[in-house]
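Chemist: 40 is the number that this note's numbering gives to position 40 of the sequence shown; each next residue is one higher, with no gaps.
For glycine and all other residues, C-beta sits at the position ideal for the given N, C-alpha and C.
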Amino acid sequence: MVPKAVDIGPDHEFDAGMVAVARRQVERMRMMEWELTGAHPSDVDPDAE
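1) If you drop the 5 nearest sequence neighbours on each side, which residues of the same chain put their C-beta closer than 8 Å to that of E35?
2) Once you ignore the five residues that flank V19 on each side, which residues in its own chain have a CB closer than 7 Å to its CB?
3) Please report the residue range of the alpha helix (DSSP H) in which G96 lies.
4) What did DSSP end up calling L7 once you bin it into helix, strand or coil?
Right under this line is the structure:
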């Protein structure tokens, strides 16, 4: 089970499985955003906002 942000303290140890799950979730969110906006995440400059 992946802990929620509220459960993670400053000295929390992250293992490879937790990092992999988080990366997959971020990738899913990016793909959903791409489908909604039509702009690929690599086409958008995050510093331009």
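Modeler: This is what the structure holds:
1) Taking the sequence shown and counting its residues from 1, one reaches residue 35 at position 35. The answer is none, since no qualifying residue turns up.
2) Against the sequence shown, residue 19 aligns to sequence position 19. Excluding sequence positions up to five before and after V19, its CB lies less than 7 Å from no other CB in the same chain.
3) Nothing in the structure corresponds to residue 96, since the chain is present only between 1 and 49.
4) Sequence index remark: in the sequence shown, residue 7 carries index 7 (1-based). Looking at the sequence provided, one finds Asp at residue 7 rather than Leu. Helix, per DSSP.
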